[in-house]
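Each remark here refers to the structure printed beneath this line.
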Amino acid sequence: MPTVKHLAALAALLLCPLTQAQSPSAPLPAKTPLTSIGISVSDLGNPYFVEIARGAERRARELGGDGVRVQVVSSAYDLARQIRQIDHFIEAGVQMILLSAADREGIAPAVARARKAGIPVIAVDVEAAGADVTITTDNRAAGTLACDYLARRMDGHGKVVIINGPAVSSVIERVEGCHEALAGFAGIELLSDTANGGGAREGGLEKMTALMTAYPDIQGVFTINDPSALGAEQAAHQAGRNNFFIVSIDGSPAAFEQLREQDSLLEASAAQFPGRIAERAVETGLQLMHGEPVDPRRILIAPELITRDNVGEYQSWNAPGENMVPN
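Residue numbers (this note's numbering): 2 to 328.
In structure tokens form, the structure reads like this:
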């Protein structure tokens, strides 16, 4: 079976729908060992989702041994493709599914089929209707952290744009959190919040280019993730602009590099901890497999704001151990 090491090939793998089941997945006997996991994430070109896959594989093998089979695929935000992936997991008889849903409601029939087959479904990063449990960053708090910093950095006055993203729960909550933070500063003018960069560097580049043309006096930018932020910064460099700054969400390795550069336009990123999310998801899936109670059914992992001033206190996702450097 493929592992996380085969991400490039798996991203192209598994290029169909019924009603949401409300009854819990049937548990396996308590002594049943962990042998197989299916993981469908949104975008294996995004380091965040790569780290979710790596974290899940790492924890699965700690709990079940090196023989645990971990299948990882990318939906590329394509609902039909993700439905086929879940059906493939069901046919393959995986013991749990970790799912970053392309469409919260649209994925419900496939989730119901998995649970009917006795396979727990753990939603990671975004919600999936009918999933047994959701484990995600507190995305509203992340948006609030980033945009409160943005507004304070501007001394409560200036013109701001938001580069939005796919209409999944995590993105919606981040933007809502940003709105809530900005609303506390009467001198902040929000010029635009609908430009959808798709959560990708290319989209951030494209949308920032258009926003700079439409609004030549932008002073602050919030992007829904680090790839979008890096694209926005690239657009600014190409246009010869350095009269605004950018805040984001992720705390990715690439953002760490930029935060260490004094001339970078990226000044803060509300860090997520995808490894923690993935590890908790595998642990929770194992509890569900064995019929153990899981409470709460929505688990939020707190974000932390990384800035130019405190970046030295953290490790990036791909560093060993915890994200916080021990004192």
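Each residue gets a CB set at the ideal place from its N, CA and C atoms; glycine is no exception.
In its own chain, which residues sit with a C-beta less than 7 Å from the C-beta of residue i, not counting the 5 before and 5 after it?
i            : result
serine 24    : Any answer about serine 24 is weak, because its pLDDT of 39 lies below 50 and its placement is not dependable; what the coordinates show is given next. Answer for serine 24: no residue qualifies.
proline 34   : Gly65
proline 275  : Tyr49, Glu52, Ile53, Gly56, Trp318
leucine 183  : Cys148, Ala152, Val161, Ile189, Leu191
glutamine 86 : Leu15, Ser41, Val74, Ser76
valine 326   : Only weak support exists for where valine 326 lies, its pLDDT of 30 falling under 50; the value from the coordinates is given anyway. The residues are Glu314, Tyr315, Gln316.
methionine 2 : Only weak support is given to the placement of methionine 2: the predicted model assigns it a pLDDT of 42, under 50, and the value that follows is read from those uncertain coordinates. Only Arg70, Gln72 meet the Cβ criterion.
For residue i, tell me which candidate among the options has the shortest Cα-Cα distance.
i                 : options                        : result
serine 171        : Ala184, Ser43, Asp310          : Ser43
glycine 107       : Glu262, Pro48, Val169, Asp149  : Val169
glycine 185       : Leu146, Gly166, Glu207         : Leu146
glutamate 268     : Gly252, Gly46, Ala93           : Gly252
glycine 166       : Asp88, Ser229, Tyr216          : Ser229
threonine 195     : Pro48, Ile163, Arg202          : Ile163
proline 304       : Asp79, Gly204, Gln273          : Gln273
histidine 238     : Glu262, Leu266, Ile84, Ile225  : Leu266
glycine 204       : Thr214, Asp133, Asn226         : Asn226
arginine 70       : Ile307, Leu306, Val283, Leu301 : Val283
isoleucine 38     : Val222, His89, Leu45, Asn47    : His89
phenylalanine 223 : Ala215, Phe245, Gly241, Arg60  : Phe245
alanine 215       : Asp67, Gly68, Ser193           : Ser193
Hey, residue i and residue j are a contact pair by Cβ (cut 8 Å); roughly how many whole angstroms apart?
i              : j              : result
isoleucine 247 : glutamate 234  : 6 Å
leucine 355    : valine 312     : There is simply no residue 355 to check, as the chain begins at 2 and stops at 328 in what is shown.
valine 112     : glycine 131    : 4 Å
valine 73      : serine 101     : Going by Cβ atoms, the distance from valine 73 to serine 101 rounds to 11 Å, so no, they are not a contact pair.
glutamine 96   : methionine 290 : 6 Å
Apply the 10 Å Cβ neighbour rule to residue i and answer buried if 16 or more other Cβ atoms are within range, or exposed otherwise.
i              : result
aspartate 156  : exposed
threonine 20   : Because the pLDDT of threonine 20 is 28, which lies under 50, any placement of that residue in the model is unreliable, and the number read from its coordinates should be weighed accordingly. By the 10 Å Cβ count, threonine 20 comes out exposed.
aspartate 310  : exposed
glycine 110    : It should be noted that the sequence gives proline, not glycine, for residue 110. That one is buried.
glutamate 314  : exposed
asparagine 243 : exposed
threonine 135  : buried
glycine 144    : buried
alanine 61     : buried
alanine 129    : buried
Just how far apart, CA to CA, sit residue i and residue j?
i              : j                 : result
cysteine 148   : alanine 77        : 28 Å
leucine 287    : valine 161        : 44 Å
arginine 98    : alanine 255       : The sequence given here places isoleucine at residue 98; arginine does not occur at that position. The alpha-carbon atoms of isoleucine 98 and alanine 255 are separated by roughly 29 Å.
arginine 154   : alanine 271       : 15 Å
leucine 206    : glycine 199       : 11 Å
glycine 119    : aspartate 133     : 11 Å
alanine 236    : arginine 298      : 41 Å
arginine 202   : glycine 159       : 25 Å
glycine 241    : leucine 45        : 31 Å
glutamate 63   : phenylalanine 257 : 28 Å
valine 127     : alanine 211       : 28 Å
glycine 221    : glutamate 293     : 47 Å
aspartate 296  : aspartate 264     : 46 Å
arginine 59    : arginine 277      : 11 Å
threonine 36   : isoleucine 300    : 24 Å
valine 122     : tyrosine 150      : 36 Å
threonine 285  : aspartate 67      : 19 Å
isoleucine 219 : alanine 187       : 17 Å
glutamate 262  : leucine 306       : 17 Å
proline 217    : asparagine 47     : 30 Å
Excluding five sequence neighbours on each side, which residues of the same chain lie with their C-beta closer than 8 Å to the C-beta of residue i?
i              : result
arginine 141   : Glu174, Arg175, Glu177, Gly178, Glu181
leucine 330    : Summary: the structure shown does not reach residue 330, with the chain confined to residues 2 through 328, and so no result is reported for it.
arginine 91    : In the sequence as displayed, the identity of residue 91 is isoleucine instead of arginine. So the list reads Arg114, Ala115, Ala118, Ile120, once near-sequence residues are dropped.
arginine 281   : Ile136, Ile300, Ile302
methionine 213 : Ile219, Ala236, Ala237, Ala240, Arg242
Please work out which residues of its chain come closer than 6 Å, Cβ to Cβ, to residue i, disregarding the five sequence neighbours upstream and downstream, and give them in chain order.
i             : result
alanine 279   : Ile53, Gly56, Ala57
threonine 308 : Ala269
threonine 138 : Gln273, Ile302, Pro304
lysine 208    : Ile164, Ala196, Gly198
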